[in-house]
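Asks: These protein sequence lines are chains H and P, in that order.
Position one of the first sequence corresponds to residue 1 (our numbering), numbered consecutively onward.
Position one of the second sequence corresponds to residue 1001 (our numbering), numbered consecutively onward.
Think of the CB as a built atom: it goes at the ideal place given N, C-alpha and C, for glycine as much as any other residue.
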Amino acid sequence: MAGTPFEIDTANQADTGCLTLSGELDLATVPRAQAAVDAALARGARTLILDLSAVSFIDSSGLRLFIVLHQRATAEGWRLSLIRPQERAMTVFRVSGLEENLPFAESARPG
Amino acid sequence: MEGQTERAIRDQRLAVILDVLAEAVTIRALNNHLVYANQAALDRLGFDTVAELRAADPEELMGPYETTDEHGHEIRMDDLPSVRLLRGEQPEPLLMRSVNRATGEESWVLLKAAGVRDEAGEIESAVTIIADVTAATRATQRSEFLARTAELLASSLDYQQTLRNVAGLAVPQIADWCAVDLFDVDGARESVAIAHSKPAKLETAARLRAYEPEQLDPDQGLGLVRRTGEPLLYTEIPDALLVAAAVDEEHLRLLREVGMRAVLIVPLTVGRRTIGALTMVSSESGRSFDSGDVEFAAQIAARAAVAVETSRLYSERSAVARTLQNSLLPDAIPQIPGWEVAALYRPAGHESEVGGDFYDFWEVGEDWLMMIGDVTGKGVGAAAVTSLVRYTARAASEFDPRPSQILARIDAALRRRPTVSLCTALCLRLSRENATLAVGGHPLPLRVGDGGAEEIGEHGTLLGALQHTRWPEVEITLAAGETLVAFTDGVTDAVGEGGERWGTERLRESLAASAGAAPAELRVRLVQALDEFQVGAQADDTAVVIMRFGDQPPAREGSQGHSGVGMAGNG
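#1: Pull up the CB-CB distance for R1097/P and T1067/P, whole angstroms please, since I reckon it's below 8 Å.
#2: What is the rounded straight-line gap between the Cα of T29/H and the Cα of F6/H?
#3: What are the residues of the region 30-53 of chain H that lie near chain P, defined by any Cβ-Cβ distance shorter than 8 Å?
#4: Specify, as a first and last residue, the run of the alpha helix (DSSP H) that E1059/P falls within.
#5: Going straight from the alpha carbon of T1386/P to that of E1212/P, what length do you get?
#6: For Y1391/P, which three-state DSSP category applies?
#7: Report yes if the CB atom of C977/P is closer than 8 Å to the CB atom of I1406/P, and no otherwise.
#8: Any beta carbon from chain H within less than 8 Å of D1489/P's own beta carbon?
#9: Would you list the one or two residues that DSSP bridges to V1185/P?
#10: Taking Cβ positions, are V1266/P and L1278/P nearer each other than 8 Å?
#11: In whole angstroms, what is the alpha-carbon distance linking Q1299/P and G1229/P?
#12: Can you name, in chain order, every residue of its own chain whose Cβ lies under 6 Å from the Cβ of S1431/P, other than the five neighbours on each side?
#13: Would you call the region 1436-1448 of chain P and the region 1416-1427 of chain P touching, i.e. three or more CB-CB distances under 8 Å?
#14: Helix, strand or coil: how does DSSP classify M1260/P here?
#15: With A1518/P and R1548/P assumed to form a contact (beta carbons below 8 Å), what rounded beta-carbon distance in angstroms separates them?
#16: So if I threshold CB-CB distances at 8 Å, which residues from the region 71-103 of chain H count as touching chain P?
#17: So, using beta-carbon positions, are E1473/P and S1397/P closer together than 8 Å?
#18: Please report the distance separating the alpha-carbon of A45/H from that of Q1534/P.
#19: Measure from the C-beta of Q1467/P to each C-beta in chain H and report whether the shortest distance is under 8 Å.
#20: By the 10 Å Cβ neighbour count, where 16 or more other Cβ atoms means buried, how is S1327/P classified, buried or exposed?
#21: So what's R1273/P in DSSP terms, helix, strand or just coil?
#22: Anything in the region 1475-1499 of chain P with a Cβ closer than 8 Å to a Cβ of chain H? List those residues in chain order, please.
#23: Out of curiosity, what's the CA-to-CA distance linking G1355/P and R1346/P?
#24: Got a sec? Which residues, its chain only, sit under 8 Å from P1064/P by beta carbon, not counting five neighbours each side?
#25: Give me the Cβ distance between T10/H and A40/H, rounded to the nearest whole Å; I'm assuming they're in contact under 8 Å.
#26: Say whether chain P places a C-beta atom closer than 8 Å to the C-beta of L63/H.
#27: Got a sec, what are the start and stop residues for the beta strand (DSSP E) M1371/P sits in?
#28: Kindly indicate which three-state DSSP category K1201/P falls into: helix, strand or coil?
#29: Which word fits S1143/P, buried or exposed, when buried means at least 16 other C-beta atoms lie within 10 angstroms of its C-beta?
#30: With a threshold of 6 Å on Cβ separation, who are the neighbours of A1193/P within its own chain once the five nearest residues in sequence on each side are excluded?
#31: From the DSSP output, which residues share a beta bridge with D1454/P?
#32: From what residue to what residue does the beta strand (DSSP E) around F57/H run?
#33: Would you list, in chain order, the members of the region 1364-1378 of chain P that have their beta-carbon closer than 7 Å to a beta-carbon of chain H?
#34: Are G1292/P and R1138/P close, meaning C-beta to C-beta below 8 Å?
#35: Fully enclosed by the region 1287-1314 of chain P, which alpha helix (DSSP H) runs are 4 residues long or longer?
#36: Report yes if the CB atom of G1104/P is closer than 8 Å to the CB atom of R1261/P, and no otherwise.
Structure, rendered in structure tokens:
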């Protein structure tokens, strides 16, 4: 149904996992994103960067994924960093008050 | 040259060998007469001696049998491999079904013919080996039938249609007629399916049905099967039985018209309950039923019974889901003085699932509160959260009816849950002429009037999980005739051609085009616009609340308060 098919690219460097998500993140694709995150953590990633810059749509189940990951990172002691999605998808974070509650990186290269 | 004596001795030896074979062997001469048959063939054809067989008219040999191929097409003498071989053709082996017209006994034989040539190399006779393959053929047919039955039964949850398909599959291979009846707890029957390979025959069945009693006789037929839960096989249906069963001349005529040869009734059983029965009737094919047929029919019935039960459980589950869903929505849109209200609720997906969208209206003192929201997730878990949100909101409003405080209480209640439970909500308080709005992670409502449709209010935090929260309250004013439309993201996220979402812009355009319409009318147009845009199944729940501010200010007559005065309409 989605305009652009959902895809995940994974790149691992030392203990940093970088997942680049593209397309629409919704009820149908959230499980795939979740599985990719679990795989990266299972490989021992201590920092997880989720690049959402190619994500065009996020629904409430997508928001839930980021909230749960953020809570897990805090509880399990690893670091989560999000790179902002396209403006239309970013609106969802903004209007739901998630922008100030989730660890968005200030630029495309999180410090 | 071989001497007569040697030849006779050789023929005799051969005859002895052939007679001990289980397979029937015949020899057909050029004039199509059978000139030899071994003992098995004589038994099969019903002759005592070869001499008698030689004297018989070959056409008449087939007379006592109804002979067809595996597809039910009639087989005549000219189609037999031996006859074709004598005509100079090179026939393939033939699988033939033959039913003894007198006894109803059915058998399957495989006919293989080989030519005997004279010294000049010309065919002088044809030897046919007739192998009885009844058991193997039935086993194959039955396993194919069972496999297709299983497919049919698994293909749909509409068990009535499924049973009709199964009955259709059974004719004409298994029986000439196949019917399925279901019983209710009082012993009444419901005829679900009846099939015959020739549609014209169904008319007879329909007319016969008019003679069937509402209540089953527990001592015969379906009633007996229902009572005992055991299969029932009538290998013979003597005319006297029909005469006894018929209530009048016409009934008897119809019963005779069916020409029942044998009837087999097997129960559809779930646990110890007999929920129905499968009836197979043999008529014009003339075949009878045996214990193998009973066993086979029982296997079909067992599968059908499971399918019926599954489907019924599913229906019940859907009913439970509907009840639960309805408990999460107000019974009726209340009459709110000064406002005309309509609401829309469309859950997505399977009807057995409960959606996560909700809306509610309630009264606190002299104020009215409206809330619309969306709980993340679906099913019973989401229903529990929805319930929690609604009752928390109602309870909280008793202490502090400010929308921001109600949202704060919901947020706190959700956080206390063991798993992350998220909810978006919009809360509106109507107090005299004032309306106060707070929004938690929910799409902003639209104000629809002559100026078009514009977002009003201010965004606030999603409820249930976040550290930094704020739910700013905004006073909103509507001019008389203006409409407030609050909705869930199922509306704007609806997917159209090419994966495009409906979006806020299209929603605004659609509403602006209908500005001034009554809420009920606006709701209809909104549904139309959504349905036109949407392709495929609706992906997300959809809820909309439409409230038009009245032409008159709310009536305020002292203590009478909001007792239904005004112009409220019902959704």
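Replies: Let me lay it out:
#1: Working through the second sequence from its first residue, we reach residue 1097/P at position 97. Working through the second sequence from its first residue, we reach residue 1067/P at position 67. Contact flag correct, Cβ pair sits at about 7 Å.
#2: Here residue 29/H refers to the residue found at position 29 of the first sequence. Here residue 6/H refers to the residue found at position 6 of the first sequence. Whole-angstrom Cα-Cα distance: 7 Å.
#3: none
#4: Translated into positions along the second sequence, residue 1059/P becomes position 59. Counting along the chain, the alpha helix (DSSP H) containing E1059/P begins and ends at P1058 to L1061.
#5: Sequence index remark: in the second sequence, residue 1386/P carries index 386 (1-based). Sequence index remark: in the second sequence, residue 1212/P carries index 212 (1-based). Using only the alpha carbons, I get a separation of about 51 Å.
#6: Counting from one through the second sequence, the residue named residue 1391/P turns up at place 391. DSSP places Y1391/P in helix when its eight states are reduced to three.
#7: Given that chain P is displayed from residue 1001 to residue 1571, the structure contains no residue 977/P and the question cannot be resolved.
#8: As a position in the second sequence, residue 1489/P is number 489, starting the count at 1. For D1489/P, the answer is yes, since a Cβ of chain H falls inside 8 Å of its Cβ.
#9: Mapped onto the second sequence, residue 1185/P falls at position 185. Looking at the DSSP assignment, V1185/P forms no beta bridge with any residue, so it has no partner.
#10: For the purposes of this step, residue 1266/P is taken as residue 266 along the second sequence, with counting starting at 1. For the purposes of this step, residue 1278/P is taken as residue 278 along the second sequence, with counting starting at 1. Taking 8 Å as the Cβ cut-off, V1266/P and L1278/P qualify as a contacting pair.
#11: Residue numbering aside, residue 1299/P sits at position 299 when the second sequence is read from its first letter. Residue numbering aside, residue 1229/P sits at position 229 when the second sequence is read from its first letter. So the alpha carbons of these two residues sit roughly 14 Å apart.
#12: Position 431 of the second sequence, counted from the first residue, corresponds to residue 1431/P. Listed in chain order, the non-local C-beta contacts of S1431/P below 6 Å within the same chain comprise D1367, local neighbours out to five positions each way being set aside.
#13: yes
#14: Within the second sequence, the letter at position 260 stands for residue 1260/P. DSSP places M1260/P in coil when its eight states are reduced to three.
#15: By 1-based counting over the second sequence, the position of residue 1518/P is 518. By 1-based counting over the second sequence, the position of residue 1548/P is 548. That pair is a contact at about 7 Å.
#16: Going along the region 71-103 of chain H in chain order, one finds Q71, R94, V95, S96, G97, L98, E100 and N101 with a Cβ nearer than 8 Å to chain P.
#17: The residue given as residue 1473/P occupies position 473 in the second sequence. The residue given as residue 1397/P occupies position 397 in the second sequence. Cβ atoms of E1473/P and S1397/P: not closer than 8 Å.
#18: Position 45 of the first sequence, counted from the start, is the residue given in the question as residue 45/H. Position 534 of the second sequence, counted from the start, is the residue given in the question as residue 1534/P. The C-alpha of Q1534/P is placed about 41 Å away from the C-alpha of A45/H.
#19: Locating residue 1467/P in the second sequence gives position 467, counting from the first residue. So, interface residue.
#20: The residue you call residue 1327/P lines up with position 327 of the second sequence. When all chains shown are included, S1327/P counts as exposed.
#21: For this step, residue 1273/P is matched to residue 273 along the second sequence. Three-state DSSP puts R1273/P in a strand.
#22: D1489, D1493, V1495, G1498 and G1499
#23: Mapped onto the second sequence, residue 1355/P falls at position 355. Mapped onto the second sequence, residue 1346/P falls at position 346. Those two C-alpha atoms are separated by around 9 Å.
#24: Translated into positions along the second sequence, residue 1064/P becomes position 64. Closer than 8 Å at Cβ, skipping near neighbours: G1046, N1100, R1101 and A1102.
#25: Taking the first sequence and counting its residues from 1, the one referred to as residue 10/H is at position 10. Taking the first sequence and counting its residues from 1, the one referred to as residue 40/H is at position 40. Between A40/H and T10/H the Cβ distance is about 7 Å, and since that is below 8 Å, they are a contact.
#26: As a position in the first sequence, residue 63/H is number 63, starting the count at 1. The C-beta of L63/H comes closer than 8 Å to at least one C-beta of chain P.
#27: One-based indexing of the second sequence puts residue 1371/P at position 371. Per DSSP, M1371/P belongs to the beta strand (DSSP E) from D1367 to V1375.
#28: In the second sequence, the residue the question calls residue 1201/P occupies position 201. Helix, per DSSP.
#29: The count along the second sequence starts at 1 and reaches residue 1143/P at position 143. Exposed, by the Cβ-count rule.
#30: For the purposes of this step, residue 1193/P is identified with residue 193 of the second sequence, where counting begins at 1. Cβ within range, chain order: L1163, R1164, A1167 and V1180.
#31: Locating residue 1454/P in the second sequence gives position 454, counting from the first residue. Looking at the sequence provided, one finds Glu at residue 1454/P rather than Asp. E1454/P is bridged to R1447/P.
#32: Here residue 57/H refers to the residue found at position 57 of the first sequence. It spans T47 to I58 - the beta strand (DSSP E) in which F57/H sits, taken as one unbroken run.
#33: D1374 and T1376
#34: Position 292 of the second sequence, counting from 1, holds the residue named residue 1292/P. Position 138 of the second sequence, counting from 1, holds the residue named residue 1138/P. Closer than 8 Å, so yes.
#35: none
#36: Numbered from its first residue, the second sequence carries residue 1104/P at position 104. Numbered from its first residue, the second sequence carries residue 1261/P at position 261. If you check the CB distance, G1104/P and R1261/P come in under 8 Å.
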